[in-house]
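>
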Amino acid sequence: MRILSCAALTVCGGLLAGAESFTEDLLVKPLQDGRVLLHFEFNVQRAAPAANESLHHYQLFPRQIGEISRRYNVDELHLSFTQGGWRETKWGYPPVNSQGIGAEVRARIKGDDAAQSERQWKGLTNALSGVFCASLNFIDTTNTDTPRLTFADSAAAASGVLRHGYLPRENVCTENLTPWIKQLPCQSKSGLGLLLNPYRLYNADFHSMGLSLTAAKDASGKPVQQYKQRLSVVVEPSALGLGDRWSLAELVDRQLGAACSAATRSTVRVIRPGSGLTLAPKPASTSKLAGRNVSVFDLRAQPGVDITFEFAPRKDSGAWPSERPLISAHRYVTGHGGSNGGVETTLTNRGDMPVHVAYLDVLPWYLRVYSHTLVIQTQAADGSWTLLQPKESHFTPAIDRGRPSSMELALVLPASSRTMLRYNFDKGFLKYTEHPPDANRGFSIGPAIVSYQHDTASGELPLHCAIERALTGASECTVQAYTELLLASLPTPDFSMPYNVITFTCTILALFFGRIFNLLTRDYAVLKPAEV
Amino acid sequence: MSADAEPPLSPDAAIITALEQQLLRTEAAERRRLLRVLLAGSAVRLIILVMFPGLVSHYLSGRVELSTPVTSYKRLVEGVHLSQHNTSPYDGGLFHQSPLLLILFRVLHVLPDLFTNLAYVAVDAMIALTLAKLAAVKAAKTRKAGGVPGEIRFVCTPSAIATMYLFNPLTLATTLAKSTIVFSHLAVVSALYAGISGLTNQAIALTAVAAHLSLYPAVLIAPIALMAAATSRKQQQNRGGGLVAGIALALAKFALAAGALHLLFAAVFGTQYFTATVDFTLRAADLQPNVGLFWYFFIEIFDEFRSFFFVVFQLTALAFAVPVSWRFRNDPLFAGTMLVGIISALKSYPSWGDLSLFLGLLPLFEELAKYLQYAFLSANLLMYGIGLAPVFWHLWIELGTGNANFFYAATLVYVFGQITLLFDLGGAKLRRELDIHHPETRTRTVIQE
Numbered sequence: 024m025r026i027l028s029c030a031a032l033t034v035c036g037g038l039l040a041g042a043e044s045f046t047e048d049l050l051v052k053p054l055q056d057g058r059v060l061l062h063f064e065f066n067v068q069r070a071a072p073a074a075n076e077s078l079h080h081y082q083l084f085p086r087q088i089g090e091i092s093r094r095y096n097v098d099e100l101h102l103s104f105t106q107g108g109w110r111e112t113k114w115g116y117p118p119v120n121s122q123g124i125g126a127e128v129r130a131r132i133k134g135d136d137a138a139q140s141e142r143q144w145k146g147l148t149n150a151l152s153g154v155f156c157a158s159l160n161f162i163d164t165t166n167t168d169t170p171r172l173t174f175a176d177s178a179a180a181a182s183g184v185l186r187h188g189y190l191p192r193e194n195v196c197t198e199n200l201t202p203w204i205k206q207l208p209c210q211s212k213s214g215l216g217l218l219l220n221p222y223r224l225y226n227a228d229f230h231s232m233g234l235s236l237t238a239a240k241d242a243s244g245k246p247v248q249q250y251k252q253r254l255s256v257v258v259e260p261s262a263l264g265l266g267d268r269w270s271l272a273e274l275v276d277r278q279l280g281a282a283c284s285a286a287t288r289s290t291v292r293v294i295r296p297g298s299g300l301t302l303a304p305k306p307a308s309t310s311k312l313a314g315r316n317v318s319v320f321d322l323r324a325q326p327g328v329d330i331t332f333e334f335a336p337r338k339d340s341g342a343w344p345s346e347r348p349l350i351s352a353h354r355y356v357t358g359h360g361g362s363n364g365g366v367e368t369t370l371t372n373r374g375d376m377p378v379h380v381a382y383l384d385v386l387p388w389y390l391r392v393y394s395h396t397l398v399i400q401t402q403a404a405d406g407s408w409t410l411l412q413p414k415e416s417h418f419t420p421a422i423d424r425g426r427p428s429s430m431e432l433a434l435v436l437p438a439s440s441r442t443m444l445r446y447n448f449d450k451g452f453l454k455y456t457e458h459p460p461d462a463n464r465g466f467s468i469g470p471a472i473v474s475y476q477h478d479t480a481s482g483e484l485p486l487h488c489a490i491e492r493a494l495t496g497a498s499e500c501t502v503q504a505y506t507e508l509l510l511a512s513l514p515t516p517d518f519s520m521p522y523n524v525i526t527f528t529c530t531i532l533a534l535f536f537g538r539i540f541n542l543l544t545r546d547y548a549v550l551k552p553a554e555v
Numbered sequence: 008m009s010a011d012a013e014p015p016l017s018p019d020a021a022i023i024t025a026l027e028q029q030l031l032r033t034e035a036a037e038r039r040r041l042l043r044v045l046l047a048g049s050a051v052r053l054i055i056l057v058m059f060p061g062l063v064s065h066y067l068s069g070r071v072e073l074s075t076p077v078t079s080y081k082r083l084v085e086g087v088h089l090s091q092h093n094t095s096p097y098d099g100g101l102f103h104q105s106p107l108l109l110i111l112f113r114v115l116h117v118l119p120d121l122f123t124n125l126a127y128v129a130v131d132a133m134i135a136l137t138l139a140k141l142a143a144v145k146a147a148k149t150r151k152a153g154g155v156p157g158e159i160r161f162v163c164t165p166s167a168i169a170t171m172y173l174f175n176p177l178t179l180a181t182t183l184a185k186s187t188i189v190f191s192h193l194a195v196v197s198a199l200y201a202g203i204s205g206l207t208n209q210a211i212a213l214t215a216v217a218a219h220l221s222l223y224p225a226v227l228i229a230p231i232a233l234m235a236a237a238t239s240r241k242q243q244q245n246r247g248g249g250l251v252a253g254i255a256l257a258l259a260k261f262a263l264a265a266g267a268l269h270l271l272f273a274a275v276f277g278t279q280y281f282t283a284t285v286d287f288t289l290r291a292a293d294l295q296p297n298v299g300l301f302w303y304f305f306i307e308i309f310d311e312f313r314s315f316f317f318v319v320f321q322l323t324a325l326a327f328a329v330p331v332s333w334r335f336r337n338d339p340l341f342a343g344t345m346l347v348g349i350i351s352a353l354k355s356y357p358s359w360g361d362l363s364l365f366l367g368l369l370p371l372f373e374e375l376a377k378y379l380q381y382a383f384l385s386a387n388l389l390m391y392g393i394g395l396a397p398v399f400w401h402l403w404i405e406l407g408t409g410n411a412n413f414f415y416a417a418t419l420v421y422v423f424g425q426i427t428l429l430f431d432l433g434g435a436k437l438r439r440e441l442d443i444h445h446p447e448t449r450t451r452t453v454i455q456e
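Sequence lines, in order, name chains A and B. Each residue of the first sequence is one higher than the last, beginning at 24 in the working numbering. Each residue of the second sequence is one higher than the last, beginning at 8 in the working numbering.
#1: With 16 other CB atoms within 10 Å as the buried threshold, where does A/ASP276 fall?
#2: So what does DSSP say about B/ILE306, is it helix, strand or coil?
#3: Consider the Cβ of B/ALA376: report whether some Cβ of chain A lies at a distance smaller than 8 angstroms.
#4: With the cut-off set at 8 angstroms, would you say A/ALA227 and A/VAL195 are in Cβ contact?
#5: Would you kindly check if the distance between the Cβ of B/VAL84 and the Cβ of A/HIS395 is under 8 angstroms?
#6: So with CB distances below 8 angstroms, who are the chain A contacts of B/ILE426?
#7: Within 10 angstroms of its Cβ, does B/ASN124 collect 16 or more other Cβ (buried), or is it exposed?
#8: Beta-carbon separation of A/PHE332 and A/TRP269 under 8 angstroms?
#9: Does DSSP put B/MET8 in a helix, a strand or coil?
#10: Could you check whether the stretch 177-186 of chain B touches the stretch 352-359 of chain B, counting it as contact only if at least three pairs of C-beta atoms, one from each stretch, sit closer than 8 angstroms?
#11: Is the stretch 143-162 of chain B touching the stretch 322-335 of chain B in the sense that three or more CB pairs, one from each, lie closer than 8 angstroms?
#12: Taking only beta-carbon positions, decide if B/LYS81 is within less than 8 angstroms of chain A.
#13: Using the rule of at least 16 other Cβ atoms within 10 Å of the residue's Cβ for burial, across every protein chain shown, is B/VAL196 buried or exposed?
#14: As a quick exercise: from B/PRO76, B/ILE110, B/PRO106, pick the residue whose alpha carbon is nearest that of B/GLN295.
#15: Measure how close the beta-carbons of B/LEU107 and B/PRO96 come, nearest whole angstrom, since I'm counting them as under 8 angstroms.
#16: What in chain B is Cβ-close to A/MET520, meaning under 7 angstroms?
#17: Would you please verify whether the beta carbon of B/ILE404 is less than 8 angstroms from any beta carbon of chain A?
#18: Excluding the 5 residues flanking A/PRO246 on each side, which residues of the same chain have their C-beta closer than 7 angstroms to its C-beta?
#19: Is the number of C-beta pairs between the stretch 353-367 of chain A and the stretch 286-294 of chain A that are closer than 8 angstroms three or more?
#20: Taking A/GLY365 as part of the alpha helix (DSSP H), name the residues at either end of that continuous run.
#21: Along the stretch 283-315 of chain B, where does the CB come closer than 8 angstroms to a CB of chain A? Name the residues.
#22: By the DSSP assignment, the beta strand (DSSP E) with A/LEU254 in it spans what residues?
#23: Does DSSP classify A/ASP541 as helix, strand or coil?
#24: Give the secondary structure of B/ASP442 by DSSP, where H, G and I count as helix, E and B as strand, and everything else as coil.
#25: Can you pull the chain A residues whose beta carbon is under 7 angstroms from the beta carbon of B/GLU85, in chain order?
#26: So, for B/LEU199: in the same chain, excluding its five sequence neighbours on each side, which residues have a beta-carbon less than 6 angstroms away from its beta-carbon?
#27: Measuring straight from C-alpha to C-alpha, what distance separates A/VAL435 and B/LEU46?
#28: Would you tell me roughly how many angstroms separate the C-alpha atoms of A/TYR486 and A/VAL398, rounded to the nearest one?
#29: Return the CA-CA distance between A/SER428 and A/SER231, expressed in angstroms with no decimal places.
#30: Taking a contact to mean a Cβ-Cβ separation below 8 angstroms, would you say A/ALA404 touches A/PHE45 in this structure?
#31: By DSSP, does A/GLU415 sit in helix, in strand, or in coil?
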């Protein structure tokens with residue numbers, strides 16, 4: 024009897040397991056300045072569960088994420104932790120679409136009830152905070168906005184509001200990596216998870232770890248849920264003491280072992296520069312990605328392979344094609360003094376066609392933005408300045424301690440131009456308890472996001488679009504460029520003075536009260552000579 | 008100074024000196040003088056506004072001593088801009104001014120910049136003109152009323168009071184900063200003039216408008232109600248029950264006027280406007296520094312006591328309206344001036360403009376000048392407070408070498424100077440009334456008991 028039920032369960036498990044699939048890929052890309060980009064991608068795909076299903080079976084798909092998304096009615100979720108700046112002039116397009124420093128949470132919550140949706144967003148951020156040991160519970164209404172234009176590609180036919188919360192000061196460390204690794208089907212015991220060494224991952228020039236949960240349709244049109252975990256680091260071999268010849272095991276200080284048995288595909292792909300790189304052993308296959316040659320090592324065929332990289336001494340950078348992104352954005356704060364300032368953003372369009380971009384800038388409520396001071400000027404290739412009018416603009420003013428101010432603009436950047444966007448703000452004054460302990464450091468302000476559709480017909484695709492197209496065949500390419508953070512230092516009161524202030528002010532009030540009360544209730548009377 | 012054919016002077020009229028007689032005889036010359044003063048004041052403002060727009064918009068309009076979250080011109084422009092782009096300006100934390108101003112400036116912003124400047128200049132000129140008319144009414148009353156035997160009077164001429172208002176640096180700075188408090192001042196001064204001239208309904212309507220423009224002038228309904236009752240009694244020539252009925256009628260009319268305006272605005276802008284203007288002023292939600300007592304106190308107060316101290320502060324500012332008006336019920340104009348002074352010292356977002364209105368009304372009571380005991384003290388306190396505040400602000404905010412306490416101390420001195428002037432003025436009024444009713448005491452020592 025027991026054997027029969029066991030057998031039945033195994034068969035059922037087998038049938039259900041067939042609905043989930045897992046692939047893992049590691050992209051290794053040597054960069055122009057000697058550094059190396061390592062981009063891990065772990066994809067789990069499963070049939071989308073029906074809304075009223077009462078039995079939920081999880082095998083490869085992490086149960087944490089499945090239960091959180093079901094409980095908080097989440098249609099789409101993106102979370103990323105990033106540290107370090109992506110140097111686009113040297114490294115080209117980033118492998119991920121989210122390079123804003125800090126923690127970024129983006130979710131689309133189904134449903135029309137605004138209050139319930141608000142509660143579910145709060146529950147979602149708190150649940151994610153617990154799962155990833157990060158202080159994502161600090162995401163509340165004061166740093167959440169609802170962009171309409173910027174992440175619009177994922178709108179499609181979805182209902183519900185897209186919420187975007189940002190914590191610029193959030194650090195990422197091993198504490199966040201460990202639960203992330205635990206969600207992988209093979210964790211760090213086999214497959215590419217073996218290479219996730221925190222000592223090397225957090226000693227990097229750029230580190231970005233994230234996950235995204237999206238709804239899609241598979242080849243036969245059935246709705247599926249895709250859960251993608253990705254981690255990108257830029258390491259410098261010369262800083263680790265490695266010369267022109269090093270192996271992957273030396274780079275990450277971990278050995279590859281058995282392949283992950285749950286993975287249907289487990290590969291290491293090396294994007295080769297034009298020339299000057301010799302790989303050993305011979306790759307299983309070669310392909311092309313974004314116009315570059317890619318050597319593919321199949322870990323299921325060659326388990327435990329240790330790939331050696333040998334670079335020819337570099338005489339010139341001719342072998343390295345220039346990979347500057349089409350649009351780049353930088354944002355600065357202007358002005359001096361503690362009472363007001365200005366924000367200036369520079370958007371550069373390096374292409375020779377006009378590009379439609381969506382610009383999103385969210386400032387917290389204590390930087391009071393004056394939208395009537397917004398001026399957009401563009402400098403064409405010949406050096407002349409003209410005023411640029413946005414095609415569409417949405418400005419949501421901030422509510423004190425309620426919501427941030429959000430400026431969304433749809434601009435058309437002319438070909439080969441530099442556009443400057445500037446506006447003024449006044450600095451607000453916070454209550455005594457609202458200043459953080461290191462009050463004179465100031466507040467970090469999240470980045471502005473410039474989002475555009477990259478023309479897929481032109482040859483050079485951004486890396487993440489090329490990966491998407493290679494792995495899932497997606498045809499659209501949305502690129503987001505993030506600016507730097509800002510640091511706004513607000514004038515501080517004297518923190519040692521609350522009691523003194525209370526007593527001084529109340530003394531003045533008491534002087535007023537006493538004297539006026541005397542005036543009102545007392546009459547003049549003549550002083551008789553005997554009383555002198 | 009020869010006497011023409013005149014009616015024989017009564018003993019009371021003997022107090023009027025020959026100097027004043029000459030002035031009264033030359034009323035036409037006085038009117039010409041007033042006109043010249045108004046033109047000169049307007050010309051100075053217009054020249055500076057037109058020729059130095061940079062000074063005005065970059066330097067003056069950002070000064071916290073002149074513009075507050077409820078009167079700032081920059082915020083007004085932002086509110087108008089938002090309303091032109093289909094966003095409710097009250098749906099944000101920036102704009103807290105009355106819908107009346109929003110409507111007025113939406114119209115003005117369609118016209119060229121010059122018209123906005125002309126509007127501010129015209130408002131200042133009208134305030135000065137109304138003060139001059141108040142001075143004329145007061146002078147007429149003084150000729151009829153009695154005085155203290157043997158005192159020398161220099162009745163404030165209309166042109167003198169207009170000069171003192173228009174060329175007061177505080178008034179000049181407030182207008183050049185385009186602070187919208189000037190509109191509230193116009194309503195207040197016009198209400199006082201209408202009340203004292205017997206135009207009761209106009210006075211009550213103007214008080215309701217002033218209350219909507221800036222919340223605190225609502226307390227002026229107390230002296231205006233007294234003026235209304237006095238007017239109705241004079242018209243009906245009877246006593247008994249007239250006082251209470253007159254006051255009640257005035258209060259009812261005020262409630263009606265203010266309520267009608269509120270309903271109109273709520274219909275157009277929704278009740279959000281109430282939260283953004285009245286509720287905001289009462290809660291002092293924006294803690295931007297100003298020359299008042301509220302901001303630093305409510306930055307530093309602990310959260311548990313916040314509501315309690317709001318109630319305390321606002322009560323202190325508002326609860327003295329009725330007692331002060333009743334104490335000086337024989338001279339409602341003086342009660343109104345005292346209330347303007349109390350508002351200027353204790354409102355949640357004061358500025359130098361409020362003090363300029365109080366100082367503008369003071370010359371009406373020049374007979375009290377010789378009774379002031381603390382004139383030197385209050386003058387010094389005010390000068391120190393006004394002079395040091397910009398210096399300490401610069402040290403704190405621009406240079407970063409001082410801290411908030413410096414500016415806060417200058418604020419305390421400024422408010423204490425105003426309070427000293429207030430109780431000194433009240434004491435002087437009471438002393439003078441004692442002297443009028445009991446002239447034999449004017450050389451004796453008196454105490455309060």
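Quick reminder that beta carbons are idealized off the backbone N, C-alpha and C, glycines included.
On the basis of the supplied data:
#1: Position 253 of the first sequence, counted from the start, is the residue given in the question as residue 276 of chain A. By the neighbour-count rule (16 or more Cβ atoms within 10 Å), A/ASP276 is not buried but exposed.
#2: Working through the second sequence from its first residue, we reach residue 306 of chain B at position 299. Three-state result, B/ILE306: helix.
#3: If you number the second sequence from 1, residue 376 of chain B lands on position 369. No, B/ALA376 does not count as interfacial toward chain A.
#4: The count along the first sequence starts at 1 and reaches residue 227 of chain A at position 204. The count along the first sequence starts at 1 and reaches residue 195 of chain A at position 172. Result no, Cβ atoms of A/ALA227 and A/VAL195 do not sit closer than 8 angstroms.
#5: Position 372 of the first sequence, counting from 1, holds the residue named residue 395 of chain A. Position 77 of the second sequence, counting from 1, holds the residue named residue 84 of chain B. It is a contact, given that the beta carbons lie within the stated cut-off.
#6: Here residue 426 of chain B is taken as the residue at index 419 of the second sequence, counted from 1. By Cβ distance, chain A contributes ILE531, LEU534, PHE535, ARG538.
#7: Position 117 of the second sequence, counted from the start, is the residue given in the question as residue 124 of chain B. Buried is the call here.
#8: Residue mapping note: residue 332 of chain A aligns to position 309 of the first sequence, counting from 1. Residue mapping note: residue 269 of chain A aligns to position 246 of the first sequence, counting from 1. Taking 8 angstroms as the Cβ cut-off, A/PHE332 and A/TRP269 qualify as a contacting pair.
#9: Walking along the second sequence from the start, residue 8 of chain B turns up at place 1. Here the model assigns B/MET8 a pLDDT of 40, short of 50, so the residue's position is not dependable, and the following value carries that caveat. B/MET8: coil per DSSP, three-state reduction.
#10: yes
#11: no
#12: As a first step, residue 81 of chain B is located in the second sequence; it is residue number 74 there, counting from the start. Chain A, which has a Cβ nearer than 8 angstroms to the Cβ of B/LYS81, makes this yes.
#13: Taking the first residue of the second sequence as position 1, residue 196 of chain B is located at position 189. Buried: at least 16 other Cβ atoms inside 10 Å.
#14: Mapped onto the second sequence, residue 295 of chain B falls at position 288. Here the closest residue by C-alpha is B/PRO76.
#15: Residue 107 of chain B sits at position 100 when you count from the first residue of the second sequence. Residue 96 of chain B sits at position 89 when you count from the first residue of the second sequence. About 13 angstroms separates the two Cβ atoms, so there is no contact after all.
#16: On the first sequence, position 497 is the one that residue 520 of chain A refers to. Under the 7 angstroms cutoff, chain B gives GLU307, ASN412.
#17: Position 397 of the second sequence, counted from the start, is the residue given in the question as residue 404 of chain B. Judged by the 8 angstroms Cβ criterion, B/ILE404 is in contact with chain A.
#18: Sequence index remark: in the first sequence, residue 246 of chain A carries index 223 (1-based). The residues are ALA71, ALA238, LYS240.
#19: no
#20: Mapped onto the first sequence, residue 365 of chain A falls at position 342. Note, A/GLY365: premise wrong, no alpha helix (DSSP H); beta strand (DSSP E) at 363-372.
#21: ALA292, ASP293, LEU294, GLN295, PRO296, LEU300, TRP302, TYR303, PHE304, PHE305, ILE306, GLU307, ILE308, PHE309, ASP310
#22: Along the first sequence, read from residue 1 onward, the residue named residue 254 of chain A stands at position 231. Element bounds for A/LEU254: 246-258.
#23: Translated into the one-based positions of the first sequence, residue 541 of chain A becomes position 518. It is Asn, not Asp, that sits at residue 541 of chain A in the sequence shown. It is helical.
#24: One-based indexing of the second sequence puts residue 442 of chain B at position 435. If DSSP states are grouped into helix, strand and coil, B/ASP442 belongs with the helices.
#25: Counting from 1 along the second sequence, the entry for residue 85 of chain B is found at position 78. Residues of chain A passing the Cβ test: TYR393, SER394, HIS395.
#26: Position 192 of the second sequence holds residue 199 of chain B. For B/LEU199, where only same-chain residues beyond five positions count, the Cβ hits under 6 angstroms are GLY343.
#27: Counting from 1 along the first sequence, the entry for residue 435 of chain A is found at position 412. Counting from 1 along the second sequence, the entry for residue 46 of chain B is found at position 39. Distance between the alpha carbons of A/VAL435 and B/LEU46: 51 angstroms.
#28: For this step, residue 486 of chain A is matched to residue 463 along the first sequence. For this step, residue 398 of chain A is matched to residue 375 along the first sequence. Inspection of the sequence shows that residue 486 of chain A is occupied by Leu rather than by Tyr. So the two alpha carbons sit approximately 33 angstroms from each other.
#29: Numbered from 1 along the first sequence, position 405 holds the residue referred to as residue 428 of chain A. Numbered from 1 along the first sequence, position 208 holds the residue referred to as residue 231 of chain A. Each residue's Cα considered, the two are about 27 angstroms apart.
#30: In the first sequence, residue 404 of chain A corresponds to position 381, counting from 1. In the first sequence, residue 45 of chain A corresponds to position 22, counting from 1. No, the Cβ-Cβ distance between A/ALA404 and A/PHE45 is not below 8 angstroms.
#31: As a first step, residue 415 of chain A must be located in the first sequence, where it is residue number 392. Of the three classes helix, strand and coil, the one that applies to A/GLU415 here is strand, per DSSP.
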